[in-house]
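In the UniProt record's numbering, the protein residues as written are 1 to 449. Each residue gets a CB set at the ideal place from its N, CA and C atoms; glycine is no exception. Below: one structure, written as structure tokens.
Below, the structure is given as structure tokens:
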């Protein structure tokens, strides 16, 4: 934050700003007599004002200090003061303000001038910060509000909690029915097992009866075959004329008794078959009743399964609620992170705007200097141009004069050469008078040139 100005403010203005921003409830009289407790409270509240979500107690000691200090609990106040002083130094360094020392925090100067200078720097930064926040407010207003999202998530969580409570209430209300159904199901399962055992025993007995009936049928078939053979023998015997009717009578009686025994056996067998059929019909009716009981048990089992499914849904809803709570906590953490990034972006924006203003001011100053220099150079060029025109005209005049002088000089040189030749010739003829005359004339011409 280069070239940031810190004009000194009055105690009343500083106290009013601190009260208005909710940093400290101080009066100008308190600032006129500053104390260490007053400055400690002001700067602690100042950092809480800048970053309300930060949870970094000043009394917390680092791990390195724990290895050095024998009893860290005795140094709690010193650690708290040093941590706050470190934060103050970092804050003043970030706004390019120098001059704050540890003495200013522990033992402020009774004369409030130095303390007012430090607090003036803080208040000026608050003014600057509020001004830049007002510039960023339209951009922040365009972004979706995290409070609306939080309200939406809270309402969703309340709905899920109500649904879970309803399911739990229904589960508690249906719990006696479920317990009764469980008891009935266990009884029915036991009954089914007993019926299954009886059915197995009845199947075994029916199998034995079937085997007995088959054996009786075989015996009946054999008896019928024997009866048919005996009837054939009787018919043969009746056709024959026997000499001994007593033997024939005895044989007939034996055959009749055998036939009567066969009929009795057939009656007994038929009676047993009827009894087995009645028993089989009874078993069939018992099987039908067991099937009906089994259907009822299956229906009860389906209801139990539905209850178990409801319990699973309740557990899933509880898990979902926990996930929603985790997501809310994640969103809150992201919100804090976004606010930190927004603050960092705000600081970067402040620095960029400050640098832009400085660059613009410097460029405007350079542009003004260049414009003035350019105008001066234009004026100088106009003068030089005029002087050049005068010099050109003067040069043309001098060239004309030089040309005329050169022409006259050429003519004079020609005259001099001619006179020189005449002098030489005169000198050759030893005509001293002519020579002297020519010399005088040559001097005259030279004086004219």
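Can at least three beta-carbon pairs, one atom from the segment 301-308 and one from the segment 168-186, be found at a separation below 8 Å? Touching, yes, given that three or more Cβ pairs across the two stretches are closer than 8 Å.
Start and end residues, alpha helix (DSSP H) containing residue 87: Residues 76-94.
How about residue 45 and residue 14: do their beta carbons lie closer than 8 Å? Inclusion of residue 45 and residue 14 in the CB contact set at 8 Å is not warranted, their separation being larger than that value.
N-terminal and C-terminal residue of the alpha helix (DSSP H) that residue 14 is part of: Start and end: 11-20.
Between which two residues does the alpha helix (DSSP H) harbouring residue 41 extend? Where residue 41 is concerned, the enclosing alpha helix (DSSP H) stretches over 36-50.
CA-to-CA distance, residue 280 to residue 303, given in whole angstroms: Looking at the two C-alpha atoms, the distance is approximately 34 Å.
Please classify residue 110: is it buried, with 16 or more other beta-carbons within 10 angstroms of its beta-carbon, or exposed? Residue 110 is exposed by the Cβ-count criterion.
Taking the CB atoms as reference points, tell me whether residue 192 and residue 269 lie closer together than 8 Å. In this structure, residue 192 lies away from residue 269, with their beta-carbon atoms at least 8 Å apart.
Same chain only: Cβ atoms within 7 Å of residue 452, ignoring 5 sequence neighbours per side: Lying outside 1 to 449, the shown extent of the chain, residue 452 is not represented and no answer is given.
Spatial neighbours of residue 124 within its chain, please: CB distance less than 6 Å, with the 5 preceding and 5 following residues excluded, ordered by chain position. In its chain, beyond the 5 residues on either side, 6 have a beta carbon closer than 6 Å to the beta carbon of residue 124.
Span separating the alpha-carbon of residue 164 from that of residue 324: Taking the straight line from one Cα to the other gives about 13 Å.
Let me know the secondary structure DSSP gives residue 107 once reduced to three states. It is coil, neither helix nor strand.
Residues in its own chain within less than 7 Å of residue 382 by CB, not counting five upstream and five downstream? Answer for residue 382: no residue qualifies.
Taking C-alpha atoms, which residue in 38, 367, 112, 77 lies nearest to residue 32? Scanning 38, 367, 112, 77 for the CA closest to the CA of residue 32 turns up 112.
DSSP state of residue 395 mapped onto helix, strand, coil: In the structure shown, residue 395 falls within a helical segment according to DSSP collapsed to helix, strand and coil.
On the criterion of 16 or more Cβ atoms from any shown chain inside 10 Å, does residue 98 qualify as buried, or is it exposed? Of the other Cβ atoms in all chains shown, fewer than 16 fall within 10 Å of the Cβ of residue 98; this residue is therefore exposed.
Tell me, please, whether the segment 338-349 touches the segment 124-142 by the rule of three or more beta-carbon pairs shorter than 8 Å. Contact holds: three or more Cβ-Cβ distances are below 8 Å.
Less than 8 Å between C-beta atoms, sequence neighbours within five positions excluded: which residues of the same chain meet that for residue 226? Close CB contacts of residue 226 within its chain, under the 8 Å cut and outside five residues either way in sequence, are with 258, 262 (chain order).
Quick check on DSSP: helix, strand or coil for residue 130? Residue 130 falls in the helix class under three-state DSSP.
Cβ atoms of residue 40 and residue 82: under 8 Å apart, would you say? No, these two residues do not count as a Cβ contact at 8 Å.
With residue 301 and residue 185 assumed to form a contact (beta carbons below 8 Å), what rounded beta-carbon distance in angstroms separates them? Confirmed, Cβ separation roughly 7 Å.
Residues near residue 35 by beta carbon distance below 8 Å, same chain, minus five either side: 108, listed in sequence order.
Alpha carbon of residue 168 to alpha carbon of residue 321, nearest angstrom: Rounded to whole angstroms, residue 168 to residue 321 spans 14 Å at the Cα level.
Give me, in chain order, the residues of the same chain whose beta-carbon lies closer than 8 Å to that of residue 318; leave out the 5 immediate sequence neighbours on both sides. Contacts found: 164.
Note the first and the last residue of the continuous alpha helix (DSSP H) segment covering residue 28. If you look at residue 28, you'll find it in the alpha helix (DSSP H) that goes 28-32.
Inter-residue spacing [alpha-carbon to alpha-carbon] between residue 395 and residue 363: Linking residue 395 to residue 363 through their CA atoms gives a straight-line distance of about 45 Å.
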